[in-house]
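Read in order, the letters of the sequence shown correspond to residues 1 to 453 in the UniProt record's numbering.
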Amino acid sequence: MGTQRVTTTGWQKLPLSLAELCIDTTLRCGQSFRWRQINNEWHCVLQGRIVSLRQDPSHLFYRAIWPKPAPSLSLSTSACSPPMAPGGGDDNDDDTASLLHNYFALSHSLSALYKQWTAADANFAHRAPSFTGIRILNQDAWEALVAFICSSNNNISRISQMVQKLCTHYGPFIGTVEGEPFHDFPRPDALARSDVEAHLRELGFGYRAKYIVDTARIVAKERPADWLRTLRNPDSPALDAPRATPGGNDAAEIAAKPATYRAAHEALLELTGVGPKVADCVCLMGLGWGEAVPVDTHVWQIAQRDYQFGKGGKTKTLTKAMYDAVGDHFRNIHGPKAGWAQSVLFTANLKSFSEQASIKKAEVLVKVEEGQDSVSVDTATKTRKRKTAATEKTVKVEVEDDQCTEVKSRGTRTSRRKTVTTWLPPKVEEEGSLAAESTNVGTRTSKRRKTQA
Numbered sequence: 001m002g003t004q005r006v007t008t009t010g011w012q013k014l015p016l017s018l019a020e021l022c023i024d025t026t027l028r029c030g031q032s033f034r035w036r037q038i039n040n041e042w043h044c045v046l047q048g049r050i051v052s053l054r055q056d057p058s059h060l061f062y063r064a065i066w067p068k069p070a071p072s073l074s075l076s077t078s079a080c081s082p083p084m085a086p087g088g089g090d091d092n093d094d095d096t097a098s099l100l101h102n103y104f105a106l107s108h109s110l111s112a113l114y115k116q117w118t119a120a121d122a123n124f125a126h127r128a129p130s131f132t133g134i135r136i137l138n139q140d141a142w143e144a145l146v147a148f149i150c151s152s153n154n155n156i157s158r159i160s161q162m163v164q165k166l167c168t169h170y171g172p173f174i175g176t177v178e179g180e181p182f183h184d185f186p187r188p189d190a191l192a193r194s195d196v197e198a199h200l201r202e203l204g205f206g207y208r209a210k211y212i213v214d215t216a217r218i219v220a221k222e223r224p225a226d227w228l229r230t231l232r233n234p235d236s237p238a239l240d241a242p243r244a245t246p247g248g249n250d251a252a253e254i255a256a257k258p259a260t261y262r263a264a265h266e267a268l269l270e271l272t273g274v275g276p277k278v279a280d281c282v283c284l285m286g287l288g289w290g291e292a293v294p295v296d297t298h299v300w301q302i303a304q305r306d307y308q309f310g311k312g313g314k315t316k317t318l319t320k321a322m323y324d325a326v327g328d329h330f331r332n333i334h335g336p337k338a339g340w341a342q343s344v345l346f347t348a349n350l351k352s353f354s355e356q357a358s359i360k361k362a363e364v365l366v367k368v369e370e371g372q373d374s375v376s377v378d379t380a381t382k383t384r385k386r387k388t389a390a391t392e393k394t395v396k397v398e399v400e401d402d403q404c405t406e407v408k409s410r411g412t413r414t415s416r417r418k419t420v421t422t423w424l425p426p427k428v429e430e431e432g433s434l435a436a437e438s439t440n441v442g443t444r445t446s447k448r449r450k451t452q453a
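Spelled out as C-alpha cells, the structure:
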C-alpha cells in the first residue's frame with residue numbers, strides 16, 4: 001500500500017436538525033454499506049476523499065481527508081489512482097459541503113415530507129415519531145448497483161463485509177483513520193478483469209461473484225460511457241456533480257434520459273444478477289427516482305401486516321404483477337417520494353432499530369436461520385385443565401438479520417402442552433419470487449400445582 005501523504009481540512013459545520021437528518025440511523029439502515037463508525041464519528045470515502053461526520057442536535061459537523069500524491073509520482077486516470085485535493089487542500093476550495101448537500105439530498109424538507117405522509121397514513125403516523133431524520137441517500141449509481149447485487153439473499157452485516165472487500169482489493173487507497181485503511185469504490189473496469197470472479201469466490205462472494213463481474217463487463221465494455229448517468233432522474237443531479245442544478249447536465253445527456261422511472265427500471269433488468277428489487281434499490285438510492293419502492297422481505301411483511309395487502313391467500317411466490325401492485329399501493333398512499341416513506345417503515349421493521357420504539361414486543365427468544373430478517377410466531381396453546389377451553393394467541397416478533405430458530409416462551413402457567421409454529425417470512429429472490437419456510441416446534445412444559453387441604 002505504501003506511504004500516502006494526505007491533506008486534512010478542519011472541522012466545518014452545517015446547520016441541520018436531527019429531524020432533517022439523523023446520521024446514526026440513515027447511515028446504517030441498509031442504504032450504504034461503506035460508512036464506518038470510529039470513536040463516535042462516521043467515516044466513508046466519497047468522491048476521492050475520506051469524509052468524517054459527527055452530529056449534535058442542531059448541526060452536522062464534517063471534515064475531509066484528501067490524498068496528496070508525492071510530486072515524483074505521475075497521476076493516472078486508472079481506477080487505482082485517487083484524485084488530489086482541489087486547490088492544494090485549502091478549506092476555501094473544498095467542495096465537501098456541496099457534496100454532502102447533494103449526498104443527503106438536503107434540498108428536500110424532510111419535516112414537510114413527514115407531515116405529508118403522517119396526514120395520509122395512520123400507520124406512518126404511529127411509527128414515525130420514533131424514527132425521524134431518515135433520508136434517502138443520493139449515492140453513486142455504480143456503487144449502488146454492485147452493492148445491491150451483493151444484497152441478494154443476504155443481510156446488512158454480510159453485505160457491508162463484501163463491499164469492504166471489494167474496496168480493499170480493487171479500489172484506490174485514500175488514507176487512514178485511527179490506523180484503519182480507507183479505499184474508494186472500484187470502477188467497472190477494475191471489476192471486469194478475467195481473474196476477478198475466481199478471486200471474489202475465494203473471498204466468499206459465492207454466486208454473486210459472477211453477477212458482479214458480468215455486470216462490470218457490460219457496463220465497462222458494452223454500454224456507452226456514462227450509461228448509468230443517462231438513467232438518472234433529470235431532477236436529481238449526479239453525486240459527482242455537486243454544484244449542478246437539477247436538470248443542469250448537458251443537453252445531449254438529458255435527451256438520452258428515460259422519460260420515467262419505469263424506463264430506468266427496465267433498463268437495469270437487462271444486467272446480470274439484477275431483479276426487480278435490486279433494480280428498484282438502484283433507482284431509489286443511485287438514480288434519484290424517489291417513487292421506486294424496493295419490495296423485499298421486510299416490505300412484504302409490512303404490506304401484509306400493516307396495510308392488509310394480499311390477505312386471504314397463502315402466497316409463496318411473488319409474481320411481477322404482485323410486486324408492482326405492492327409498489328403501486330405505497331405510491332398511491334405516499335406519493336412521488338414513496339420510496340423515502342417506505343425507508344422509514346423498513347427501518348422501523350428492523351430489529352436493531354425497532355428497539356427504539358416505545359411499544360415493547362412480547363417476551364420471546366427467537367433464533368433464525370442465516371439470511372432471514374424477521375419472523376412472525378403463532379403460538380397455539382391448549383391447556384389441560386378441567387372446565388378450561390383451549391386458547392389461542394398470536395405473537396409477532398421482529399428479528400434482525402442472522403438471528404433465530406429456537407423459540408422459548410416464558411411465563412407459562414399450569415400444566416399444558418404448547419405447539420409453537422414459527423413462520424419464517426417470505427424471502428424475495430432476485431427474480432421476484434418469495435420462498436417461505438415453516439418450522440414446527442413442539443414444547444412441553446409442566447408446573448406442579450399446590451393443593452390446599
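No residue lacks a Cβ here, since even glycine has one placed at the ideal position from N, Cα and C. On a predicted model such as this, the values are computed, not experimentally measured, just so you know.
Does the CB of residue i have a neighbour CB from chain B at under 7 Å?
i	result
S157	Reference to chain B is not applicable here, since this structure consists of a single protein chain.
Where does residue i fall in DSSP's three states?
i	result
F346	helix
A338	helix
T96	helix
D328	helix
F61	strand
P294	coil
A303	helix
R229	helix
P129	helix
V278	helix
W142	helix
A263	helix
L268	helix
W289	coil
F104	coil
L110	helix
L21	coil
Going by DSSP, name the residue or residues bridged to residue i.
i	result
W42	Q37 and L53
L14	L60
Distance, Cα to Cα, residue i vs residue j?
i	j	result
R201	A216	16 Å
F124	A192	43 Å
C22	C29	11 Å
V295	G10	41 Å
G204	Q164	12 Å
I212	P172	18 Å
F148	G175	26 Å
L106	M285	14 Å
G339	D121	14 Å
C283	V45	22 Å
T26	V344	9 Å
A198	A209	8 Å
N138	D324	23 Å
F309	L350	20 Å
H108	Y114	11 Å
E334	R127	The sequence given here places His at residue 334; Glu does not occur at that position. Distance between the alpha carbons of H334 and R127 is about 15 Å.
C167	A119	42 Å
F353	L16	22 Å
Between residue i and the ligand ADP, is there a pair consisting of the residue's CB and a ligand heavy atom that are separated by less than 6 Å?
i	result
S58	Ligands in the displayed structure: none, and consequently the ligand ADP is not present.
### Task
Counting only runs of 3+ residues fully inside the stretch 148–224, write out the beta strand (DSSP E) ranges in chain order.
173–177 and 180–183
### Query
If we count Cβ pairs, one from each stretch, closer than 8 Å, do we get three or more for the stretch 292–305 versus the stretch 155–162?
no
### Task
Specify whether the stretch 121–138 and the stretch 264–273 touch according to this definition: at least 3 beta carbon pairs, one from each stretch, less than 8 Å apart.
no
### Query
For the 8 Å Cβ check, are there 3 or more pairs between the stretch 92–105 and the stretch 318–338?
no
### Task
Would you check if the stretch 172–192 and the stretch 30–38 touch, i.e. whether three or more CB-CB distances between them fall below 8 Å?
yes
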